[in-house]
Amino acid sequence: MSDETIRLVTIGRIIRRRGRLLIILAVVGALVGYGTSLLFPPRYTTSASVLLPGAWEERELLTQTEIASSSVVVDRAAATLGWTGVSGSELRDRVSAQAADGNIVKISGTADTPERAQRLSDQVAQQFVAFAARIAGDDTDPDAAARPEALRQMVVQTSRRITELADAADPGQTVESVQTRTELAKLRTALQEAINKLDEADPAADKANMVVMGPAARPDGEAPPTRLQLTVAGALLFLLLAVVGHLTAARMSRRLRTEPEIAAALGSALLGTVDVPGEPPAHRPDGRDPRARIRRLLGVDTRWDLPSPQTSGDETGRRIRYRRVCARLRDRLPAPGRLLVVVPDGDEIARRAAGQLVAEAESDPLLRVVGVSVSRPMVPDRDDESGALVVLSAGSWTAGDLTGIAEACADAQHEVVGIVLAAGTGRARPTRSAGRPRDAAMPALAVGEGTAGGSR
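The numbering of the sequence shown is my numbering, which starts it at 233 and goes up by one.
Here's what the structure looks like:
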């Protein structure tokens, strides 16, 4: 299985087992996003297009976009609009310009109403065209536009005068007359080239003749991020953070989850895995604990980072598993005798599995259940026991915890003869198969608990 498949399976497991928590966090995130949207007033954006005639290079268009959103243009637009409490510096954050295809500069304006956004875009576009015209000299020097035409007329008149002089020159074939006509012809050609260059220079001067391509369209919707977008983004953000938090916690957790890791920490062999049906809520010892109720409400009272256990299916299959564990346990003992069943304190699933194991063993071997504190493991000294059997649930204890239990057994001269893993399932099914009723296991569980309590 690839890493991507494993990640997808893990995320799917989080969604299935923490679905209630994820839904609650998504609702909280949506409320946070909605509350954030109330802090920011709605914004509306529209654009006005300005056509730049002539041939423009890309860097020249970028320069024009910078001019369109410059402080000079925006300050003039702010002075013309005359909005109370809105200065040019504030409008600079609401105005942007970008170059589009076809030598077009789009000027965008953002305001708190559609009408203001439209007026802002139109006014900035008009001020941009006026400022560009002033830079080109259309407003500063009225005679500048007439100078190229006057120069053109002067060149035309000079060319005509040269032609008249050439016609009036000596039509003879002397060397002087031929040289005179040649020089006049060269001078006329040079003047004609000057006229052509002057005509070619005119389109560059026409660049200043920018045109506003109509008024900006009035926006019919809010500019992003809208209130709906902020609400959805808040829900998705909280949902993503919850999933990432679960994955990070699982990666940083040092609790052992696999059978080989648990067997290596305890230094013994795994005899099997048994499942324990869930108890009804009324029989849970923490039913009156407010924190436990909150955990059940959020759906975090069960582990999510463990694979789904292979359930027995019914009561008969569950009891068959316990009997097989007892049979393997008998095979490992040299002779029938008494055996100590060690259960970590706080492992409710393992405690109930140990009680069921006592009931199924039927004194062959004779099992004595004791609880061991993980923080300060202490096992009763060896009396007539043939060893110790450790019963625990996967994913609940670290390697240090299990090593401490193994060392406590060794100090009390108990050899760990085997390990049994207990897995919790859903509630017990109401249908029961033929055979010994399940109620017979309950007295054995009580006897096991009483024995364990007396040995602590």
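Think of the CB as a built atom: it goes at the ideal place given N, C-alpha and C, for glycine as much as any other residue.
Using three-state DSSP, classify residue i as helix, strand or coil.
| i | result |
| --- | --- |
| Pro492 | helix |
| Val305 | helix |
| Gln385 | helix |
| Asp643 | helix |
| Glu594 | coil |
| Asp563 | helix |
| Ala692 | Given a span of 233 to 688 for the chain in the structure shown, any question on residue 692 remains unanswerable. |
| Thr295 | helix |
| Glu289 | coil |
| Arg614 | coil |
| Ser340 | strand |
| Ser485 | coil |
| Pro274 | coil |
| Val601 | strand |
| Arg250 | coil |
| Val622 | strand |
| Val264 | helix |
| Gly650 | strand |
| Arg351 | helix |
| Pro609 | coil |
| Gly587 | helix |
| Ala631 | helix |
| Thr345 | coil |
| Pro662 | Note that Pro662 scores 43 on pLDDT, short of 50, meaning its location in the model is unreliable; the coordinates nonetheless yield the value given after this. Of the three classes helix, strand and coil, the one that applies to Pro662 here is coil, per DSSP. |
| Asp507 | strand |
| Ala524 | helix |
| Gly667 | With a pLDDT of 42 at Gly667, under the threshold of 50, the modelled position of that residue is not reliable, and the figure given next carries that caveat. DSSP places Gly667 in coil when its eight states are reduced to three. |
| Gly695 | With the chain covering 233 to 688 only, the question about residue 695 has no answer from this structure. |
| Gly317 | coil |
| Leu257 | helix |
| Leu284 | coil |
Give me the residue from the options with the minimum Cα distance to residue i.
| i | options | result |
| --- | --- | --- |
| Gly569 | Arg600, Gly549, Ile581 and Ile552 | Arg600 |
| Arg553 | Val506, Gly636 and Thr312 | Val506 |
| Gly656 | Thr534, Leu270, Arg551 and Ser485 | Thr534 |
| Asp615 | His646, Ile637, Ala300 and Arg324 | His646 |
| Thr412 | Glu425, Asn428, Gln424 and Thr395 | Thr395 |
| Gly636 | Glu290, Ser607 and Thr390 | Ser607 |
| Ser618 | Ala586, Pro609, Ala591 and Arg562 | Arg562 |
| Ala262 | Val590, Leu469 and Asp307 | Leu469 |
| Asp643 | Pro609, Ala631, Thr630 and Gly632 | Pro609 |
Considering only their Cβ atoms, is the gap separating residue j from residue i smaller than 8 Å?
| i | j | result |
| --- | --- | --- |
| Gly531 | Arg250 | yes |
| Arg583 | Val574 | no |
| Leu471 | Leu634 | no |
| Gly504 | Arg564 | no |
| Leu572 | Leu621 | yes |
| Ser650 | Ala501 | For the record, residue 650 in the displayed sequence is Gly; it is not Ser. Cβ atoms of Gly650 and Ala501: closer than 8 Å. |
| Tyr579 | Leu529 | One point to set straight first is that residue 579 is Asp, not Tyr, in the sequence displayed. No, the Cβ-Cβ distance between Asp579 and Leu529 is not below 8 Å. |
| Pro451 | Thr278 | yes |
| Val264 | Gly549 | no |
| Met442 | Leu254 | no |
| Ile339 | Ala422 | no |
| Val611 | Ala640 | yes |
| Gln355 | Leu313 | yes |
| Gly320 | Ser302 | no |
| Arg324 | Thr342 | no |
| Tyr276 | Glu454 | yes |
| Val260 | Thr297 | no |
| Pro274 | Asp333 | no |
| Ile246 | Val475 | yes |
Count the other CB atoms, across all protein chains shown, that sit within 10 Å of the CB of residue i; report buried if there are 16 or more and exposed otherwise.
| i | result |
| --- | --- |
| Ser353 | buried |
| Pro492 | exposed |
| Leu240 | exposed |
| Ala436 | Bear in mind that a pLDDT of 49 at Ala436, under 50, signals an unreliable position, so the number given afterwards is only what the model happens to contain. Exposed is the call here. |
| Phe360 | buried |
| Gly463 | Per the sequence shown, the amino acid found at residue 463 is Thr instead of Gly. Buried is the call here. |
| Ser665 | Note that Ser665 scores 39 on pLDDT, short of 50, meaning its location in the model is unreliable; the coordinates nonetheless yield the value given after this. Ser665 is exposed by the Cβ-count criterion. |
| Thr480 | exposed |
| Leu271 | exposed |
| Glu322 | exposed |
Answer yes or no: the CB of residue i versus the heavy atoms of the ligand SAM, is any distance below 7 Å?
| i | result |
| --- | --- |
| Val361 | Within the structure as shown, the ligand SAM is missing, as the structure has no ligands at all. |
Hey, does residue i have any beta-carbon neighbour from chain B nearer than 8 Å?
| i | result |
| --- | --- |
| Ser281 | Among the protein chains of the structure shown there is no chain B, as only one such chain exists. |
| What residue ranges within the region 445–479 form continuous alpha helix (DSSP H) runs of no fewer than 4 residues, ordered along the chain? | Whole alpha helix (DSSP H) segments, 4+ residues: zero.
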